[in-house]
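Q:
Protein chains: 4
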Amino acid sequence: MNFCSDNTTGVSPEILDALTQANTGTAMPYGEDELTAKVQKRFNEIFECETTVFLTSTGTSANALALDALTPSYGSIYCHKDSHINCDECGAPEMFCGGAKLITLPGPHGKLHPGELETALAATNDAVHHTQPAALSISQASEAGTIYGPAEIHHLSAVAKEYGLYFHMDGARFTNALCTVECSPAELTWKAGIDVLSFGATKNGAMNAEAIIFFNQKLAREVGYMRKRTGHLHSKMRFIAAQWDAFLTNDLWLNNARHANAMAQKLKCGLETIAGAELYFPVEANELFISLPENTLQALEDAGYGFYRWHDAGSPLIRLVTSFNTTEQDINGFIQTALEAS
Amino acid sequence: MNFCSDNTTGVSPEILDALTQANTGTAMPYGEDELTAKVQKRFNEIFECETTVFLTSTGTSANALALDALTPSYGSIYCHKDSHINCDECGAPEMFCGGAKLITLPGPHGKLHPGELETALAATNDAVHHTQPAALSISQASEAGTIYGPAEIHHLSAVAKEYGLYFHMDGARFTNALCTVECSPAELTWKAGIDVLSFGATKNGAMNAEAIIFFNQKLAREVGYMRKRTGHLHSKMRFIAAQWDAFLTNDLWLNNARHANAMAQKLKCGLETIAGAELYFPVEANELFISLPENTLQALEDAGYGFYRWHDAGSPLIRLVTSFNTTEQDINGFIQTALEAS
Amino acid sequence: MNFCSDNTTGVSPEILDALTQANTGTAMPYGEDELTAKVQKRFNEIFECETTVFLTSTGTSANALALDALTPSYGSIYCHKDSHINCDECGAPEMFCGGAKLITLPGPHGKLHPGELETALAATNDAVHHTQPAALSISQASEAGTIYGPAEIHHLSAVAKEYGLYFHMDGARFTNALCTVECSPAELTWKAGIDVLSFGATKNGAMNAEAIIFFNQKLAREVGYMRKRTGHLHSKMRFIAAQWDAFLTNDLWLNNARHANAMAQKLKCGLETIAGAELYFPVEANELFISLPENTLQALEDAGYGFYRWHDAGSPLIRLVTSFNTTEQDINGFIQTALEAS
Amino acid sequence: MNFCSDNTTGVSPEILDALTQANTGTAMPYGEDELTAKVQKRFNEIFECETTVFLTSTGTSANALALDALTPSYGSIYCHKDSHINCDECGAPEMFCGGAKLITLPGPHGKLHPGELETALAATNDAVHHTQPAALSISQASEAGTIYGPAEIHHLSAVAKEYGLYFHMDGARFTNALCTVECSPAELTWKAGIDVLSFGATKNGAMNAEAIIFFNQKLAREVGYMRKRTGHLHSKMRFIAAQWDAFLTNDLWLNNARHANAMAQKLKCGLETIAGAELYFPVEANELFISLPENTLQALEDAGYGFYRWHDAGSPLIRLVTSFNTTEQDINGFIQTALEAS
C-alpha cells in the first residue's frame with residue numbers, strides 16, 4: 001500500500017462511469033459543450049453565488065492561471081514558505097505572471113498568520129524600486145495537512161484587503177478541509193474573503209480534473225485567453241466536465257474526502273501510541289506528519305509500504321497520505337507492522 | 001452529424017477500456033509509473049530509434065513546449081502563415097519561448113516551399129538588431145488537409161540545416177498523414193530531418209492525449225522542467241500513458257486514421273459531382289475544403305449538419321472534417337442532402 | 001563624411017553645455033530632480049495638454065515600454081512590415097509585452113494604409129484561440145523617410161478606435177516629420193488620435209535621450225514600475241532631463257531637424273539628375289533611398305563616404321541619412337563625387 | 001549637503017571633459033566605435049585576462065543582463081535577503097530571466113555566509129518540481145556597506161561550484177570595495193571565482209555608465225542579443241565608452257573611491273563619540289549605518305542635511321553615503337551639527 005500521496009491512487013468508479021457516459025455523440029470542443037455548461041451551474045449552486053469557472057487538468061495550471069489573474073508582472077504574491085506554489089511548481093507562478101515575485105512568510109503548522117502578513121505588508125511602499133503587493137495565497141488544506149477555519153481566513157482577508165491584495169486559495173485538498181470544518185463551501189471561500197479558488201478533484205478521486213473558481217468575476221476577464229495561451233484549454237473538454245459532474249453528484253466529493261480524513265485519524269490513533277512517535281502537526285485532513293523510530297520505519301519499508309521521508313532520505317519524520325480508497329485493512333496492516341517493530 | 005472538427009467526436013472504445021484497466025492499484029505519479037515507461041519504449045519501436053518523450057494533454061502545449069526547446073527568446077520560428085501555431089494558439093509559442101517571433105511565409109495548399117524559406121533566411125544576418133532564425137515548424141497534415149511527403153520534408157530540412165535551424169513537426173494529424181504517405185514513421189520524421197514531433201492522439205480517437213517526441217535528444221534536456229513549470233506535468237500520468245498504450249496497440253492509431261481518411265475521400269467523391277462545387281485543396285487526409293452553392297449549404301445546415309464556413313459566416317467555402325467514427329451512413333446522408341438541394 | 005545614419009554624429013554643443021550646467025550641486029536621483037519636473041511641464045506646453053512623461057536613453061526602450069502599456073501578453077500589435085519595432089529591435093516589443101504578437105502589414109512608401117488595416121482587423125474575432133488586437137503602431141517619419149500627415153493619422157486612428165486598439169507613434173524622427181508637415185505637435189499626435197508617442201532626441205542632436213509621452217494618461221499607470229523593472233530608470237536622471245531641456249529651448253529641436261531635412265532635399269536635387277538615378281521613396285524628412293549606377297557607388301565608397309547598401313552588399317539601392325550637423329560642403333562634395341563618376 | 005546616496009552627486013569634471021572630447025567627427029553606432037573597442041582592451045588590462053564586456057547605462061540592467069546569462073527561466077538565484085537585486089530592482093532579474101526565482105538567505109552585516117549557502121543548496125535536488133540552483137549573486141560592497149575579502153569570495157565560490165552555480169558580483173560600488181581590500185581587481189573577481197561582474201561607475205563619479213564584465217566568456221554568447229532586446233544597446237555608445245575611458249585613466253576610479261571611503265571613515269570617527277550613537281555595521285566602504293539620538297537627527301534635518309531614516313520614517317537608524325566629491329567641510333559641518341545637538 002502506498003501512502004506517498006493521494007495522487008498515487010486511481011480514480012473513483014463513478015468517474016470512469018461518467019467518462020463512458022460522456023462518450024456518446026458529438027459535442028462542441030473547447031468547453032462549448034453541454035456538460036461544461038452544466039458544471040458551471042453546479043458550481044454556482046454549491047458556492048451559492050455566481051462564479052466564473054475554468055476547467056483544467058493540473059493543479060499547477062489552476063494555481064498559476066489564478067495567480068496570473070491577480071498579479072501584474074511587477075507584483076508580489078505573499079505565501080507560506082512551504083507552500084506548493086513556492087516549493088513544488090518549478091516556478092509556474094513566476095512564469096505565468098511574467099516574472100512576479102513570491103514573498104514567503106513563515107508560520108506554524110504550515111499556515112500563515114495575519115500578524116506576520118501585516119508586518120510584511122506594513123514594510124512595503126509604492127516606490128517604483130520594489131515589486132508591489134498584489135496577491136495573498138493560502139493552501140487549504142495546508143502543506144502540513146492543517147486547516148484554516150473561516151475566521152482565520154477572514155482575518156487574513158482583512159489584512160489583504162487593507163493593503164489592496166487579492167486573495168487566492170490553493171484548494172488541491174479543498175474538500176478534505178471542508179469536511180473537517182463542517183461549514184458551507186461559501187463560508188470557507190468568498191464569504192471569508194477569497195477571490196479565487198483552485199479547486200482540486202484529482203487528489204480526491206478524479207482522473208486529472210481541476211477547476212478555477214472566480215468569485216470575484218471581474219478578475220476572470222482575461223483568463224480565457226491565458227488558459228488557451230498556456231496550452232490549458234482542452235479540446236475534448238466534456239471529459240473533464242464529466243468528471244466534475246460525477247464528482248459533485250451524490251456527494252461523491254464529500255464522501256471521498258470524509259473517508260480519506262477518517263483513515264488519517266485512524267492512522268494517527270494507531271501510531272501515536274508507539275513509543276517515540278511524535279506528531280509534527282495536528283492531523284486535520286488526510287495527511288500525517290509523524291516521526292517514528294528508525295527500526296519501525298525500516299520494518300514498514302521492508303514490508304513494502306510506500307511513504308516519503310520528510311525532507312531527506314535518513315529522516316525519522318515521514319509523511320503519510322490517505323485517500324478516497326484507502327481501506328481500513330490498509331490502515332490496520334500499517335499500524336500492525338509498526339507496532340510489531342516497536 | 002458534426003463535421004466541424006475531429007475533436008467533436010468522443011473516443012475509441014479501446015481508449016475507455018484502457019482507462020478502466022489502468023485504474024488498478026497504486027502507481028507513482030508524474031510519469032514515474034510503469035505505463036509511461038512502457039509507452040516510451042513503444043515510441044522507440046515505432047520510430048526505430050531512441051527518443052525522449054513527454055506526454056501532455058493538449059496539442060497547444062505539445063507544440064509550445066517543443067518550440068521552446070528549439071528557440072531562444074531572441075529567436076525566430078519560421079512557419080506557414082495559416083499554421084495552427086500562428087493562428088490558433090493565442091500566442092502560446094511566443095509565451096513559452098519568452099517572446100520569440102513567428103516569421104510567417106505564404107505557400108500554396110497550406111504548405112511551406114523550400115524556395116520561399118531559403119529566400120527568407122538568405123535575407124537574415126546575425127546582427128544583434130534582429131531576432132535570430134532558430135526553428136522551422138510545419139504541420140503534418142497541414143491546416144489545408146494536405147500532406148508533405150518525405151522528399152518535401154527533406155528539402156525543407158536541407159534549407160533549415162544550412163541556416164542552423166532546428167525542425168519541428170506539428171503532428172496533430174500525423175497519423176492521418178502517415179496513412180496517406182505509406183512510408184514508415186521514421187521516414188516521415190527524423191530520417192527526413194525532423195528534430196521533434198508533436199504527435200497527436202486526441203483528434204484520432206484519444207481523450208486528451210498528446211506526446212512530444214524528441215529525435216534530437218540533446219534538445220530535450222530542459223523540457224522536463226518547462227513541462228512542470230507550464231503546468232503540463234500530470235499527476236495521474238498513467239491515464240494519459242494508458243491511452244497511448246492502447247492507441248499504439250493493434251494498429252488502433254492507423255486504423256482510426258485510415259478510416260477517417262477514407263471517409264474524407266468518399267465525401268469528396270460524392271460532393272465534387274455537384275454543379276458549382278469547387279475543391280480548394282487536394283484531399284489528402286481527413287479534411288475537405290470545398291465551396292458549394294449557397295442553397296446546398298442552407299439545406300445541409302437546415303438538416304442539422306455541423307461544419308464551419310471558412311473563414312466567415314457567409315462564405316460558400318466550408319471545411320468538412322471526418323474522424324475515426326464517422327460512418328458511411330453519415331457520409332451518404334450528407335451527400336444525399338447536398339445532391340437533393342442542388 | 002558618414003551618411004549611414006543620424007546616430008553616427010555627435011551631439012549639439014548646446015547639449016554638452018546643458019550637461020555641464022546640470023553638473024552642480026546635488027539632485028535627488030531617479031527622476032525626483034527639478035530638471036525632470038521642468039521638462040515634464042515643457043512637454044505639456046509643447047503638446048498643449050497634460051501628459052505623463054517617462055525619460056529613457058534608447059529608442060528601443062521607449063517603444064517597448066510604450067507598447068507594453070497598450071498591449072496584454074495575448075495581444076497583437078499592428079505595424080508596417082518594415083517598421084523598426086518589427087525588424088530592428090530584436091524582439092523587444094515581444095519581450096516587454098510578455099510574448100505579444102506583431103501583425104505586419106504591407107504598405108507603399110513604408111506607410112500603413114487605413115484600408116489594409118481595416119481588412120486585417122475585420123478578419124479578427126474575440127475567440128480565445130487568437131491573439132487579440134490591442135495596438136496600432138506607426139513610425140513618424142517612417143522607415144522609408146516618408147511622413148504621415150494629420151489627416152492620414154486621423155484615418156488610421158478612426159479604424160483603430162473602431163476596433164478598440166490604442167495608437168502608438170514611434171517618433172525617433174518625430175521632429176523631422178513635424179518640420180515637414182508644418183502643423184503643431186498636438187495636431188500631429190493626440191489631436192489626430194495618438195495615445196502615446198516615443199519622442200526621440202538622440203538622432204536629432206542629443207546624446208542618448210528619449211521620452212515616452214502619454215497623451216492618454218490612464219495608460220501610463222504601470223509604466224513607472226515597468227521602466228524600473230526593465231532597467232530603464234536612470235539614477236542620475238538630471239543628465240537626461242538636461243538634454244531635453246536644452247533640446248526644447250530656443251527651437252534647438254526644430255532648427256536641428258529643419259537643417260537635416262534641408263540637407264536631404266539638397267542631396268536629392270543633386271543626385272536625381274544623374275543618369276540612371278532612381279528615387280525609391282519621396283524624400284520627406286532626412287533620408288534618401290536612391291539607386292545609383294554601380295560605378296558611381298564605387299567612386300563614392302572609394303572616396304570614403306559612408307552609407308548602407310539597402311538591404312544587401314551588392315545592391316544599387318542605398319540609404320543616405322543627413323543630420324543636424326551635415327554641412328553644405330558635405331552635400332556638395334558627395335554630389336560632386338557622384339557626378340564625376342557618372 | 002546630501003548624504004542620501006552616492007547618486008545624488010554630479011559627475012567628475014574628467015567625465016564631462018571626456019564627453020566633450022568624444023564629440024568630434026562621426027563614429028559607428030551601437031558600440032562599433034573606436035572608444036568602445038579601446039575600453040574593452042582597458043578592461044582586459046585591468047583584470048589581467050581576456051573579458052567580454054557590455055556597456056550599459058544603469059546598474060539594474062547590468063545586473064539583470066548578467067543574471068539572465070547565468071540562469072534559465074526555471075533556475076534559482078541565491079542572494080542575500082537585503083540585496084539590491086532582491087529589494088530594489090522591482091523584479092528586474094525575474095523579468096530578464098523569464099520568471100526565475102530569487103532564493104534569499106540571511107547573513108550578518110549584509111553578507112552571505114558559505115555555511116548558510118551550503119545548507120540551502122544541500123536541501124535541493126534535481127526533481128522537475130523545483131526550480132534549479134543556477135546562480136549565486138553577491139554585492140560588493142554589500143548593501144550594508146561591508147566588504148567581502150578574496151578569501152570569503154573564494155569560499156562562497158567553492159560552494160557554488162560544488163553545486164554547479166555560476167557566480168555573479170553586483171559591483172555597483174566595486175571600486176570602493178577594491179580600495180578597501182587593497183588587492184588586484186583580478187584577485188577580487190575571477191581569481192576568487194567570479195564569472196561575471198556588474199561594474200558600476202555611476203555611483204563613483206560617472207554620468208550613467210555601467211559595464212558587464214564576463215570573465216567566463218562562454219556565458220556571454222547570447223548577451224548581445226539580450227542587451228538589444230531589452231533596449232540597453234545605446235546608439236551613441238561612444239558617449240558611454242568615453243566615460244569609462246576617462247574613469248579608468250589616471251586612476252580616476254580609484255581616487256574617487258578612496259576619497260569617498262576616507263570621508264566615510266572621517267564621518268564615522270566624528271559620530272561614534274556621540275552619546276547613544278551606535279554603528280550597525282562595520283564601515284568598510286562609503287556607507288555608514290548608525291543610530292543617533294532623535295534630537296540629534298532632528299537638528300541635522302533642520303540644518304538641511306539629507307539622509308534616509310532606515311527603513312522607516314521615525315527610525316533612529318540612518319544611512320549616510322559619501323561620494324567622490326564629498327568635502328571635508330561637509331563632513332566637519334555634519335559632525336559639528338550633530339555634536340552640538342547631543
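Protein chains in written order, with full-length UniProt numbering: chain A, 1 to 342; chain B, 1 to 342; chain C, 1 to 342; chain D, 1 to 342.
The C-beta atom is built at its ideal place from N, Cα and C for all residues, glycine as well.
What you are looking at is a predicted structure, and each value in this text was computed from that prediction instead of being measured.
1. Using a C-beta cutoff of 8 Å, does V321(D) count as contacting chain C?
2. What is the rounded straight-line gap between the Cα of N176(C) and the Cα of A141(C)?
3. For a contact defined as C-beta to C-beta under 8 Å, what are the partners of V39(C) on chain B?
4. Can you tell me which of L65(D), A211(D), H311(D) puts its alpha carbon nearest to the alpha carbon of L55(D)?
5. Considering just the uninterrupted stretch of the alpha helix (DSSP H) at T337(C), what are its terminal residues?
6. Can you pull the chain C residues whose beta carbon is under 8 Å from the beta carbon of K266(B), in chain order?
7. Any Cβ of chain D within less than 8 Å of the Cβ of D88(A)?
8. Run down chain D in chain order and give the residues with a C-beta less than 8 Å from the C-beta of R258(B).
9. Let's see if you can read the secondary structure: which residues bound the alpha helix (DSSP H) around I147(D)?
10. Is L102(D) helix, strand or coil by DSSP?
11. With a cut-off of 8 Å, does the C-beta of P72(B) fall near any C-beta of chain A?
12. Going by DSSP, what residue range makes up the alpha helix (DSSP H) through A246(B)?
13. Would G91(A) pass as a contact of A127(D) if the rule is Cβ separation under 8 Å?
14. So within the stretch 106-185 of chain B, which uninterrupted alpha helix (DSSP H) runs reach at least 4 residues, ignoring any that extend past its ends?
15. Would DSSP call E94(C) helix, strand or coil?
16. Can you tell which of L121(D), N86(D), M169(D) has its C-alpha closest to the C-alpha of H129(A)?
17. Using beta carbons (cut-off 8 Å, strictly below), is Y225(A) in contact with chain C?
18. Nearest CA to the CA of N204(C): which residue from D6(C), T326(C), E187(C)?
19. Between L178(D) and the rest of its own chain, which residues show a CB-CB distance below 8 Å, the 5 nearest in sequence each way excluded?
20. Which same chain residues, not among the five before or five after A241(C), have their C-beta less than 8 Å away from its C-beta?
21. Going by alpha carbons, who is nearest to F214(A) out of P150(A), V11(A), F47(A), R229(A)?
22. Closer than 7 Å by beta-carbon distance: list the chain B residues that pair up with T131(C), in chain order.
23. Taking only beta-carbon atoms, is H311(B) less than 8 Å away from chain C?
24. Work out the CA separation of M95(A) and L102(C) for me, nearest whole Å.
25. Starting from S61(B), trace the beta strand (DSSP E) in both directions and tell me its first and last residue.
26. Quick one: using the 10 Å Cβ neighbour count with 16 as the cut-off for buried, is E287(B) buried or exposed?
27. Anything in chain C within Cβ reach of A98(A), meaning under 9 Å, just list it in chain order.
28. Is P108(A) close to chain B, meaning its C-beta is less than 8 Å from at least one C-beta of that chain?
29. Using the beta-carbon of each residue, which ones in chain A are nearer than 8 Å to E222(C)?
30. Compare the C-beta of V53(B) against all C-beta atoms of chain C and say whether one is closer than 8 Å.
31. Which residues, taken in chain order from the stretch 199-224 of chain A, show a beta carbon closer than 7 Å to some beta carbon of chain G?
32. Answer yes if the stretch 8-22 of chain A comes into contact with the stretch 260-276 of chain A, meaning at least three C-beta pairs across the two stretches below 8 Å, and no otherwise.
33. Can you pull the chain C residues whose beta carbon is under 8 Å from the beta carbon of V128(B), in chain order?
34. Identify the continuous beta strand (DSSP E) that holds G200(C) and give its terminal residues.
35. Please check the pair Y148(B) and K111(B), which I expect to be a contact at CB under 8 Å, by giving their CB distance rounded to whole angstroms.
36. Spatial neighbours of T296(A) within its chain, please: C-beta separation below 6 Å, excluding the five flanking residues on both sides.
A: Short version:
1. As a first step, residue 321(D) must be located in the fourth sequence, where it is residue number 321. Chain C contact via Cβ: absent.
2. Locating residue 176(C) in the third sequence gives position 176, where the first residue counts as 1. Locating residue 141(C) in the third sequence gives position 141, where the first residue counts as 1. Approximately 7 Å between the Cα atoms of the pair.
3. One-based indexing of the third sequence puts residue 39(C) at position 39. Simply none; closest approach about 29 Å.
4. Sequence index remark: in the fourth sequence, residue 55(D) carries index 55 (1-based). The shortest C-alpha separation from L55(D) is found at A211(D).
5. Along the third sequence, read from residue 1 onward, the residue named residue 337(C) stands at position 337. From DSSP, the alpha helix (DSSP H) with T337(C) extends over 328-341.
6. Stepping through the second sequence from its first residue, residue 266(B) is reached at position 266. Simply none; closest approach about 29 Å.
7. Within the first sequence, residue 88(A) is the residue found at index 88, counting from 1. Output row for D88(A): interface = yes.
8. Here residue 258(B) corresponds to residue number 258 of the second sequence, with the count starting at 1. Among the residues of chain D, none has a CB under 8 Å from the CB of R258(B); the nearest is roughly 37 Å distant.
9. Against the fourth sequence, residue 147(D) aligns to sequence position 147. In the DSSP annotation of this structure, I147(D) is not part of any alpha helix (DSSP H), being labelled neither H nor E.
10. Start at 1 with the first residue of the fourth sequence, and residue 102(D) comes out as number 102. L102(D): strand per DSSP, three-state reduction.
11. Mapped onto the second sequence, residue 72(B) falls at position 72. Residue contact check for P72(B) against chain A: no CB pair falls below 8 Å.
12. Translated into the one-based positions of the second sequence, residue 246(B) becomes position 246. Taken as a continuous stretch (DSSP letters only), the alpha helix (DSSP H) holding A246(B) covers 238-247.
13. For this step, residue 91(A) is matched to residue 91 along the first sequence. For this step, residue 127(D) is matched to residue 127 along the fourth sequence. In this structure, A127(D) does not lie closer than 8 Å to G91(A) by Cβ.
14. 114-122, 150-162, 174-181
15. If you number the third sequence from 1, residue 94(C) lands on position 94. E94(C) falls in the helix class under three-state DSSP.
16. On the first sequence, residue 129(A) is found 129 positions in, with the first residue counted as 1. Of the candidates L121(D), N86(D), M169(D), the one whose C-alpha sits nearest the C-alpha of H129(A) is N86(D).
17. Position 225 of the first sequence holds residue 225(A). Closer than 8 Å: yes.
18. Walking along the third sequence from the start, residue 204(C) turns up at place 204. Comparing Cα positions, the closest option is D6(C).
19. Sequence index remark: in the fourth sequence, residue 178(D) carries index 178 (1-based). Cβ neighbours of L178(D) beyond the five flanking positions: P185, L188, L254, A257.
20. Within the third sequence, residue 241(C) is the residue found at index 241, counting from 1. Closer than 8 Å at the Cβ level, and outside the excluded window around A241(C), lie A22, G31, D33, L35, T36, K38, V39, L55.
21. Residue numbering aside, residue 214(A) sits at position 214 when the first sequence is read from its first letter. Of the candidates P150(A), V11(A), F47(A), R229(A), the one whose C-alpha sits nearest the C-alpha of F214(A) is F47(A).
22. Counting from one through the third sequence, the residue named residue 131(C) turns up at place 131. Correct list: C90, G91.
23. Numbered from 1 along the second sequence, position 311 holds the residue referred to as residue 311(B). Yes, contact with chain C.
24. Counting from one through the third sequence, the residue named residue 102(C) turns up at place 102. Counting from one through the first sequence, the residue named residue 95(A) turns up at place 95. Whole-angstrom Cα-Cα distance: 21 Å.
25. Residue 61(B) sits at position 61 when you count from the first residue of the second sequence. Annotation for S61(B): no beta strand (DSSP E) segment contains it, though the alpha helix (DSSP H) segment containing it runs 59-70.
26. Within the second sequence, the letter at position 287 stands for residue 287(B). Buried: at least 16 other Cβ atoms inside 10 Å.
27. Mapped onto the first sequence, residue 98(A) falls at position 98. Before going on, a small fix: residue 98(A) reads as Gly here, not Ala. Result: S73, G98, G99.
28. Translated into the one-based positions of the first sequence, residue 108(A) becomes position 108. It does not: the Cβ of P108(A) has no partner Cβ on chain B nearer than 8 Å.
29. On the third sequence, position 222 is the one that residue 222(C) refers to. Within chain A, the residues near E222(C) are P72, Y74.
30. Walking along the second sequence from the start, residue 53(B) turns up at place 53. No, because no Cβ of chain C sits closer than 8 Å to the Cβ of V53(B).
31. Within the model displayed, chain G is absent; protein chains A, B, C and D are what it includes.
32. no
33. For the purposes of this step, residue 128(B) is identified with residue 128 of the second sequence, where counting begins at 1. Going along chain C in sequence order, the residues near V128(B) (Cβ under 8 Å) are C90.
34. Mapped onto the third sequence, residue 200(C) falls at position 200. That run of the beta strand (DSSP E) goes 196-200.
35. Taking the first residue of the second sequence as position 1, residue 148(B) is located at position 148. Taking the first residue of the second sequence as position 1, residue 111(B) is located at position 111. Sure, about 6 Å apart at Cβ, within 8 Å.
36. Along the first sequence, read from residue 1 onward, the residue named residue 296(A) stands at position 296. Contacts found: A338, A341, S342.
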